[in-house]
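Numbers 2 to 462, taken from the numbering used here, label the letters of the sequence shown in order.
Even glycine gets a Cβ: it sits at the ideal position worked out from N, Cα and C.
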Amino acid sequence: MKGHAYAADGVVGRLGVYARVLLLQGPVGPFFAQLREDLTQQGTEVWKVNLNGGDDLYYYGERLLHFTQPMVAWSDWLRKLLIRTRVEAIVVFGSSRRHHRIAAGIAQELGLDFWAFEEGYLRPDFITLELGGVNADSPLARIPLDTVPLLPAPEGLRQYPGAYWKMARHALRYFAAGWAAAGRYPAYRHHKPFRLRELVCWIRAAYRKPWYRLRERRQVARLLMPGHPRFYLLALQVYNDSQIRSRSPWRRMEDVIEWTVFSFSRFAPSDSLLVIKHHPMDRGHRDYAAAIAAISDRFAVADRVVYVHDPRLPSLLRRSSGVVTVNSTMGVQALHHGVPVMTLGRSFYGHTRMTWQGTLDEFWTFAQPANRLDWIRWKHYVIHQSQVNASFYTGGKTVPNQGMRGIRCAARALVEMTGRLLRASIHGIQRFGAIASRLVTGAEPLPQNPLPRKPFSDYDS
Numbered sequence: 002m003k004g005h006a007y008a009a010d011g012v013v014g015r016l017g018v019y020a021r022v023l024l025l026q027g028p029v030g031p032f033f034a035q036l037r038e039d040l041t042q043q044g045t046e047v048w049k050v051n052l053n054g055g056d057d058l059y060y061y062g063e064r065l066l067h068f069t070q071p072m073v074a075w076s077d078w079l080r081k082l083l084i085r086t087r088v089e090a091i092v093v094f095g096s097s098r099r100h101h102r103i104a105a106g107i108a109q110e111l112g113l114d115f116w117a118f119e120e121g122y123l124r125p126d127f128i129t130l131e132l133g134g135v136n137a138d139s140p141l142a143r144i145p146l147d148t149v150p151l152l153p154a155p156e157g158l159r160q161y162p163g164a165y166w167k168m169a170r171h172a173l174r175y176f177a178a179g180w181a182a183a184g185r186y187p188a189y190r191h192h193k194p195f196r197l198r199e200l201v202c203w204i205r206a207a208y209r210k211p212w213y214r215l216r217e218r219r220q221v222a223r224l225l226m227p228g229h230p231r232f233y234l235l236a237l238q239v240y241n242d243s244q245i246r247s248r249s250p251w252r253r254m255e256d257v258i259e260w261t262v263f264s265f266s267r268f269a270p271s272d273s274l275l276v277i278k279h280h281p282m283d284r285g286h287r288d289y290a291a292a293i294a295a296i297s298d299r300f301a302v303a304d305r306v307v308y309v310h311d312p313r314l315p316s317l318l319r320r321s322s323g324v325v326t327v328n329s330t331m332g333v334q335a336l337h338h339g340v341p342v343m344t345l346g347r348s349f350y351g352h353t354r355m356t357w358q359g360t361l362d363e364f365w366t367f368a369q370p371a372n373r374l375d376w377i378r379w380k381h382y383v384i385h386q387s388q389v390n391a392s393f394y395t396g397g398k399t400v401p402n403q404g405m406r407g408i409r410c411a412a413r414a415l416v417e418m419t420g421r422l423l424r425a426s427i428h429g430i431q432r433f434g435a436i437a438s439r440l441v442t443g444a445e446p447l448p449q450n451p452l453p454r455k456p457f458s459d460y461d462s
């Protein structure tokens, strides 16, 4: 297992105990194909369901099925598949996606284990793997702090530099393939729509990162200067984060901004600032500058609200007087730096003695940081229970040996065609869709798996 993007004892060691598992959607990229390879070597029979063309690009081979029916059919379709294949566990990335929420309920009904991957709770060199769900669905959210044992700190951790850019490249390819193969999955709705605009957003995010850092460097430097007025930090989340919609009272980040700025304007110390930090994964999709300006003007605090995108986060956190978030893992980073934290929604870390349990109006004046010993004990427990020193996107081995050439050819072709698409006419766009659809779903360069044949053909529409 040496050289893989994850540790054998951290992932395969947990999932390799099952005779048969079913994989649903994974992170963008070849991680689930890689996982299949290692679980198979351990003697586990691995099944997979693909839901869109992006899944097809990165995962193909044996025991693969394609769900192409409307969402209303998913529950019965999946239940029949689970009974027929006799799998013992379902494995997903993100437990809040609609397909995965339904799968979790069916797993509970049938007495199957439900494992969920997620980005690391403690970043950048961890990924999350939990039994039962992640984030607000995590078992960690229900464990009283007093019952958490004192465990040793992990040793010999490996670092994974460059993961963001590799993730961005995988995301671009995934969305290009999903868009190109939309005709094969007509009823599928991704949490980020498979449209040309999505590809443009990822390209825009790439050049905005250095631009924002350059444009805001003086502003951020002033915030970190000795003697600068104290400030609080509002950590925004991705505009369509399922944790916002399903685990908080809000539907939009604009509503969170308005609520927080209103409370800040009324109850925060008059000499303090509110720094609103954009989410890095939302850099190409949303810009809240106009909304923040309008809200700040309405509550007469335009001169006390600062909007930033790409500051050096540890320095900003250490300097801040408190962090407000709905349920972002930035709250965990703030706890690490000894900063008071207010969560506006449900989170896995929102325990008494860890985060502020009063109101937001009270937070500005009365919040205190978590007890340091409580934090260390809880952090070590989280690492031992849910974290794997790994990366989904980078490591010694990034694609499975079988089919590596096909993945590279398909990805290269899709990226090249995406570049041409951005300059194309309407006729060119239509032609791209037809050609790319054949590329992803036809015989070349991914010939290994057309729609499954009998005896499992009855599971496909």
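May I ask which residues mark the beginning and end of the alpha helix (DSSP H) holding residue i?
i, result
"MET331", "331 to 337"
"TRP166", "164 to 181"
"MET226", "Taken as a continuous stretch (DSSP letters only), MET226 belongs to no alpha helix (DSSP H), as it is neither H nor E."
"GLU78", "The residue asked about is misnamed: residue 78 is Trp in this sequence, not Glu. TRP78 -> alpha helix (DSSP H) spans 75 to 86."
"TRP251", "It is not in any alpha helix (DSSP H) - TRP251 carries neither H nor E in the DSSP assignment."
"ALA292", "290 to 299"
"ILE107", "99 to 111"
"LEU314", "314 to 320"
"THR366", "361 to 367"
"LEU146", "Taken as a continuous stretch (DSSP letters only), LEU146 belongs to no alpha helix (DSSP H), as it is neither H nor E."
Expressed to the nearest angstrom, what Euclidean distance is found between the alpha-carbon atoms of residue i and residue j?
i, j, result
"ARG15", "PHE127", "16 Å"
"HIS1", "THR41", "Shown here, the chain extends from 2 to 462; a query on residue 1 therefore has no answer."
"TYR208", "ARG219", "19 Å"
"LEU65", "LEU52", "11 Å"
"ARG319", "ALA236", "14 Å"
"ARG267", "ARG98", "37 Å"
"ALA105", "ARG21", "17 Å"
"VAL262", "VAL18", "50 Å"
"ALA177", "PHE195", "8 Å"
"PHE367", "GLY332", "18 Å"
"ALA391", "PRO140", "21 Å"
"ARG287", "TYR240", "7 Å"
"PHE265", "GLU119", "32 Å"
"VAL13", "PRO28", "17 Å"
"ARG190", "SER316", "39 Å"
"GLN244", "GLN43", "34 Å"
"GLU156", "ASP362", "41 Å"
"VAL47", "PRO281", "34 Å"
"ARG424", "VAL276", "The pLDDT assigned to ARG424 is 39, lower than 50, so where the model puts this residue is not dependable; a value taken from the coordinates is nonetheless given after this. Each residue's alpha carbon lies about 38 Å from the other."
"GLU89", "THR148", "30 Å"
"ARG299", "TYR175", "41 Å"
"ARG214", "TRP260", "27 Å"
"ARG246", "GLU38", "35 Å"
"HIS337", "ALA222", "22 Å"
"PRO370", "PHE364", "11 Å"
"TRP357", "GLN238", "19 Å"
"LEU79", "LYS167", "32 Å"
Provide the residue(s) that pair with residue i in DSSP beta bridges, ordered along the chain.
i, result
"HIS67", "ASN51"
"LYS210", "DSSP, once it has assigned bridges, lists no residue as partnering LYS210."
"LYS278", "ALA236 and VAL309"
"GLN388", "THR129"
"THR326", "ALA236 and THR344"
"GLU46", "ARG21"
Along the beta strand (DSSP E) that carries residue i, what are the first and last residues, could you check?
i, result
"ASP114", "114 to 120"
"THR344", "342 to 344"
"LEU24", "21 to 24"
"ILE91", "90 to 94"
Tell me, to the nearest whole angstrom, how far the beta carbon of residue i is from that of residue j; I am working on the premise that it is less than 8 Å.
i, j, result
"ALA290", "SER297", "Actually they do not touch by this definition, with Cβ atoms about 11 Å apart."
"GLU199", "HIS310", "20 Å between Cβ atoms; not a contact."
"PHE33", "TYR60", "6 Å"
"ARG143", "ALA206", "Between ALA206 and ARG143 the Cβ distance is about 36 Å, and since that is not below 8 Å, they are no contact."
"ARG102", "SER96", "7 Å"
"ASP375", "LEU146", "6 Å"
"ARG1", "ALA117", "Nothing in the structure corresponds to residue 1, since the chain is present only between 2 and 462."
Does residue i pass the burial test, meaning 16 or more other C-beta atoms within 10 Å, or should it be called exposed?
i, result
"LYS81", "exposed"
"THR77", "As written in the sequence, residue 77 is Asp, which differs from the Thr given in the question. Per the 10 Å Cβ criterion, exposed."
"LEU225", "exposed"
"GLU110", "exposed"
"LEU151", "exposed"
"ARG305", "buried"
"VAL50", "buried"
"ILE293", "buried"
"SER271", "exposed"
"HIS229", "exposed"
"MET72", "exposed"
"PRO31", "buried"
Chain B beta carbons: is any one of them nearer than 8 Å to that of residue i?
i, result
"ARG185", "The structure shown contains no chain B; it holds only a single protein chain."
Beta carbon of residue i: closer than 7 Å to some heavy atom of the ligand HEM?
i, result
"GLN369", "Absent from the structure shown: the ligand HEM. Ligands present: none."
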